[in-house]
Amino acid sequence: MNVYTSLPNLITLARLGLVPIVIAMISAGRWPEACLIFIIAGASDAIDGWLAKTFNLRTELGAYLDPVADKALLVSIYVALSVYGAVPAWLTIVVVTRDVMIIGALMISWLMNKPVAIRPLWISKTNTAAQIAFAAAVLGAKAFQFTLGPWFIVSAVSVAALTLASLAAYLAIWARHMSL
Numbered sequence: 045m046n047v048y049t050s051l052p053n054l055i056t057l058a059r060l061g062l063v064p065i066v067i068a069m070i071s072a073g074r075w076p077e078a079c080l081i082f083i084i085a086g087a088s089d090a091i092d093g094w095l096a097k098t099f100n101l102r103t104e105l106g107a108y109l110d111p112v113a114d115k116a117l118l119v120s121i122y123v124a125l126s127v128y129g130a131v132p133a134w135l136t137i138v139v140v141t142r143d144v145m146i147i148g149a150l151m152i153s154w155l156m157n158k159p160v161a162i163r164p165l166w167i168s169k170t171n172t173a174a175q176i177a178f179a180a181a182v183l184g185a186k187a188f189q190f191t192l193g194p195w196f197i198v199s200a201v202s203v204a205a206l207t208l209a210s211l212a213a214y215l216a217i218w219a220r221h222m223s224l
């Protein structure tokens, strides 16, 4: 495999590498830097997927690595923003719980020797985009010192609803697969 065929995977690995950096920036109160790094990381998710799809550069490693990088970035950001008080704890609980439940279901199916293939659903892609956009808006508000006003709570509730809908969709697939 040459560098071109592995380019989407390298971008995904770079996104993983940005996670501790953006969390460190949040912890240090360096909001402009945190915002910029997070936007770069979020954009890399779209770029690596587009490259893999457009140029047929999909790999088995990428199929596993991309969702891990997404989870690492989003869970870390929501936890950090919640600790700082920039997003409500209930929203962070919803975001983290979804990922923990999906990973738990996958582990159970694997342990029962009934592995389930999880493919990204449109609701999941929409959910990821909404989570990234909301976190970017919160970071932007902190970085450039503006208030989000009533938009904030409407967006938080929308992100929570999409997150729960995505969880329900994946759990339904898993339950059918497990013959529940």
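Start counting the sequence shown at 45; every next residue gets the next number (my numbering).
Backbone N, C-alpha and C define an ideal beta-carbon position, used for all residues, glycine too.
Boundaries of the alpha helix (DSSP H) in which residue i is found, first to last residue
i: Phe178; result: 166 to 188
i: Asn100; result: Where Asn100 is concerned, there is no enclosing alpha helix (DSSP H), given that its DSSP letter is neither H nor E.
i: Ala219; result: 194 to 221
i: Arg59; result: 51 to 71
Own chain, CB closer than 6 Å to residue i, minus 5 neighbours either side, in chain order
i: Ala179; result: Ile121
i: Ile176; result: Gly86
i: Asp110; result: Thr56
As assigned by DSSP and simplified to three states, the class of residue i
i: Thr141; result: helix
i: Met156; result: coil
i: Gly93; result: helix
i: Leu224; result: coil
i: Thr136; result: helix
i: Ile162; result: coil
i: Gly129; result: coil
8 Å Cβ shell around residue i - same chain, five flanking residues per side excluded
i: Ala58; result: Ser88
i: Ala213; result: Leu165, Ile167, Ser168
Neighbourhood of residue i by C-beta, 7 Å cutoff - its chain only, sequence neighbours within 5 removed
i: Asp114; result: Asp89, Thr172
Pairing CB atoms from the region 196 to 205 with CB atoms from the region 169 to 188, are three or more of them under 8 Å? Yes, the region 196 to 205 is in contact with the region 169 to 188.
Would you call the region 51 to 67 in contact with the region 77 to 95, where contact means no fewer than 3 C-beta pairs closer than 8 Å? Yes: the two stretches touch, three or more of their Cβ pairs being nearer than 8 Å.
Contact between the region 63 to 79 and the region 117 to 136 (3+ Cβ pairs under 8 Å): Yes, the region 63 to 79 is in contact with the region 117 to 136.
Is it the case that the region 206 to 215 contacts the region 157 to 169, given that we only count it when at least three CB pairs across the two stretches are under 8 Å? With the cut-off at 8 Å, the region 157 to 169 and the region 206 to 215 touch.
Below 8 Å, can you find three or more Cβ-Cβ pairs linking the region 143 to 155 to the region 88 to 106? Two segments are said to touch when three or more pairs of C-beta atoms, one from each, lie closer than 8 Å; by this definition the region 143 to 155 does not touch the region 88 to 106.
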